[in-house]
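Asker: Residue numbers (this note's numbering): 253 to 465.
For glycine and all other residues, C-beta sits at the position ideal for the given N, C-alpha and C.
Encoded as structure tokens, here's the structure I'll be asking about.
If you want it as structure tokens, here you go:
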């Protein structure tokens, strides 16, 4: 009996041996935990990187991507009846090349002149000299630039001052009861919407003029 007991004791493991035997299992668990935490950190960092990269990439590539889609964008300025005949009024629209987080900086102002019926002129608000916003004065029927004294008649043609040409015009169309402009194709020197009368000659500083015959 004592021999069997001694054999049982001798066949058992000491506390030190039990500890040594359990260490590989604990080490395996620790390794698995480290791998899991490492993969989790990669996933979190990747998600954060994507969130941060999206607005940057969109900012860099946005103009290129949107240029084709916005080049022929027709924007509604309002109902035709919003613009009384014989009057010039300020309107604004949202630049189709901007993004939603541009806020009010994405708005573009323009002057709308309704001559009669569906006959309109829509002018860019910028002076043809250096781009300052011009103001309309109904009493004198002139567009005046506050920066360098540029002046334009109600039809957008040059009256006086440093500008060498009239105001830029947008192409427009009437769709149903809506006045629309081609906002994707902003008027420039290379793409003016309408030619200005080349025979206009300013006479003096008060805006009078003659026409060459």
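Apart from the five residues on each side of it in sequence, which residues of its chain come closer than 7 Å, Cβ to Cβ, to residue 334?
Answerer: Within the same chain, residue 334 has no close Cβ partners at all.
Asker: For residue 426, which residues in the same chain have their Cβ closer than 7 Å to its Cβ, ignoring the five residues on either side in sequence?
Answerer: Excluding sequence neighbours, residue 426 sits near 332, 370.
Asker: So residue 408 and residue 375 are in contact, right, with Cβ under 8 Å, and what is the actual spacing, rounded?
Answerer: Indeed, because the Cβ distance is near 5 Å, the residues count as touching under 8 Å.
Asker: As an exercise, report each continuous beta strand (DSSP E) stretch of at least 3 residues that is fully enclosed by the segment 336 to 421, in chain order.
Answerer: Within the segment 336 to 421, the complete beta strand (DSSP E) runs of at least 3 residues are 339 to 346, 359 to 368, 371 to 376, 387 to 389, 394 to 396, 403 to 405, 410 to 412.
Asker: Alpha carbon to alpha carbon, how far is residue 410 from residue 428?
Answerer: Approximately 33 Å between the Cα atoms of the pair.
Asker: Around the C-beta of residue 391, are 16 or more other C-beta atoms found within 10 angstroms, so that it is buried, or is it exposed?
Answerer: By the neighbour-count rule (16 or more Cβ atoms within 10 Å), residue 391 is not buried but exposed.
Asker: Going by beta carbon distance, what residues of the same chain come within less than 8 Å of residue 302, once the five residues before and after it are set aside?
Answerer: Same-chain partners within the cutoff: there are none.
Asker: Can you find the residues in the same chain that come closer than 8 Å, C-beta to C-beta, to residue 362, ignoring five residues on each side of it along the sequence?
Answerer: Taken in chain order, the residues that qualify are 329, 342, 343, 344, 345, 374, 375, 376, 377, 422, 433.
Asker: Quick one, which of 386, 401, 412 has its alpha-carbon nearest residue 420's?
Answerer: The shortest C-alpha separation from residue 420 is found at 386.
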